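> Could you have a look at this structure, given as structure tokens, before my questions?
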Amino acid sequence: LAAFAFVGGGDDEVARSVTGSCIDDLLDGLPLVRWSGDVAQLHDLWSDLLAGELDDVGRRRAANAAAAVARSRREVDRAIDLARLVDDWADVGESLRAAVRDGVDGGLRADQIRRWRAALPLQLRASAIGVLLDGLLERERDPTAPAAAELLTRAAGMFESEGDPALELVALTQLGYLGRIVNDTASVALVSERFGRLAERYPPARPFMAIGAAWAALMRGDARSQLEALMSIDDDDLPGVWRVTRRHLIAIALLNLGRAAEALDV
Numbered sequence: 005l006a007a008f009a010f011v012g013g014g015d016d017e018v019a020r021s022v023t024g025s026c027i028d029d030l031l032d033g034l035p036l037v038r039w040s041g042d043v044a045q046l047h048d049l050w051s052d053l054l055a056g057e058l059d060d061v062g063r064r065r066a067a068n069a070a071a072a073v074a075r076s077r078r079e080v081d082r083a084i085d086l087a088r089l090v091d092d093w094a095d096v097g098e099s100l101r102a103a104v105r106d107g108v109d110g111g112l113r114a115d116q117i118r119r120w121r122a123a124l125p126l127q128l129r130a131s132a133i134g135v136l137l138d139g140l141l142e143r144e145r146d147p148t149a150p151a152a153a154e155l156l157t158r159a160a161g162m163f164e165s166e167g168d169p170a171l172e173l174v175a176l177t178q179l180g181y182l183g184r185i186v187n188d189t190a191s192v193a194l195v196s197e198r199f200g201r202l203a204e205r206y207p208p209a210r211p212f213m214a215i216g217a218a219w220a221a222l223m224r225g226d227a228r229s230q231l232e233a234l235m236s237i238d239d240d241d242l243p244g245v246w247r248v249t250r251r252h253l254i255a256i257a258l259l260n261l262g263r264a265a266e267a268l269d270v
């Protein structure tokens with residue numbers, strides 16, 4: 005009960021993860037419990053009364069278990085808050101990594117990135133995830149600024165060294181986007197090459213080889229090669245937000261090939 009109170013309550017999944025008991029058994033007959041749907045929260049009196057029942061190990065175990073549930077639900081802020089309760093900065097870092105990985109599919113908002121960046125303690129700001137967040141923020145501020153590309157390049161290298169291909173892919177896709185924005189053919193070519201190397205050990209990177217090839221073709225005015233690259237993959241091969249990019253690039257290629265009617269149907 006002390007562990008459940010410490011993490012601020014929750015539903016049955018949280019109760020089972022934190023205490024090993026189902027929520028009905030845990031709270032059976034207990035007064036001063038507030039319910040919101042299937043989520044229970046103990047009154048502050050319980051928290052005060054039970055505060056001394058857990059040692060540091062118990063508090064950390066409870067917070068980590070509840071944070072894991074929050075991460076599985078993509079409740080990033082909740083997971084971070086739980087880890088910060090026990091100063092578990094490694095768990096904060098893991099929550100941020102999971103959040104950014106998920107963001108490849110759903111897109112990342114600037115306000116989210118700023119909030120997550122603010123949650124980083126000093127010891128994590130120079131880590132790979134800290135450098136990546138800095139790069140994403142710099143990209144939002146000014147995608148043409150050299151600092152954005154420098155930070156994302158460094159983050160990609162750090163994730164490669166750490167053996168985290170999913171986040172390496174995040175950094176590389178953002179780096180390629182910057183190259184496209186500033187019309188830097190050398191940068192896009194380099195990113196495309198790195199997509200290829202990454203794809204050898206991380207299959208989800210394979211469709212991005214086609215995206216890179218399409219970017220390069222667009223920049224040199226080769227609409228036919230651009231279209232061929234994009235048609236070599238399907239929407240289902242890409243995360244959600246990149247499906248929109250693929251269709252946009254297909255429409256541009258068709259327009260440049262004089263096939264406006266087809267472009268409107270994309």
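Under this note's numbering, residues 5 to 270 are what the sequence shown spells out, in order. Beta carbons are placed, not taken as given, at the ideal position from N, Cα and C, and that holds for glycine. Note that the structure is a prediction, hence the values are computed from the model and not measured.
CA-CA distance, A257 and A193?
19 Å
> Quick one, which of R77, V245, D91 and E142 has its alpha-carbon nearest A103's?
R77
> Write down every uninterrupted run of the alpha helix (DSSP H) in the stretch 162-211 whose length is 4 residues or greater and which is fully enclosed by it, in chain order.
169-185 and 189-205
> Residues bridged to W39 by DSSP?
A44
> Which residue comes first and which comes last in the alpha helix (DSSP H) that contains G244?
G244 to N260
> Based on DSSP bridge pairs, tell me the residues matched to G14.
G14 pairs with A44.
> What residue range does the alpha helix (DSSP H) around A55 cover?
Per DSSP, A55 belongs to no alpha helix (DSSP H) and is neither H nor E.
> Less than 8 Å between the CB atoms is what I'm expecting for G14 and A70, so what's the real figure, rounded?
Going by Cβ atoms, the distance from G14 to A70 rounds to 7 Å, so yes, they are a contact pair.
> Is there a Cβ of chain D sitting closer than 9 Å to that of L126, yes or no?
Annotation note: the requested chain D is absent from the structure, which comprises a single protein chain.
> What is the DSSP secondary structure of G272, reduced to helix, strand or coil?
This structure cannot speak to residue 272, because the chain is shown only from 5 to 270.
> Just to confirm my understanding: we take S229, look at its own chain, exclude 5 residues before and 5 after, and list those with CB closer than 6 Å. What are they?
A221
> Just to confirm, are T189 and G180 a CB contact at a threshold of 9 Å?
no
> Helix, strand or coil, according to DSSP, for G279 in the structure here?
Limits of the chain in this structure are 5 at one end and 270 at the other, which puts residue 279 out of reach.
> Do A74 and R82 count as a contact pair if the criterion is CB distance below 9 Å?
Yes, the Cβ-Cβ distance between R82 and A74 is below 9 Å.
> Applying the 10 Å Cβ sphere with the 16-neighbour rule, what's the burial state of A175?
Classification for A175: buried.
> If you drop the 5 nearest sequence neighbours on each side, which residues of the same chain put their C-beta closer than 6 Å to that of A255?
Within the same chain, Cβ atoms closer than 6 Å to the Cβ of A255 are found at A267 and V270, the five residues on either side in sequence being excluded.
> For I27, which three-state DSSP category applies?
Residue state for I27 is assigned as helix, using DSSP reduced to three classes.
> Compare the beta carbon distance of L253 and A218 with 9 Å and say whether it is the shorter of the two.
Against a cut-off of 9 Å, the Cβ pair of A218 and L253 comes out as a contact.
> Compare the C-alpha of I215 against each of T148, S236, I27 and L5 and name the closest.
S236
> Decide if A130 is buried, meaning its Cβ has at least 16 other Cβ atoms within 10 Å, or exposed.
exposed
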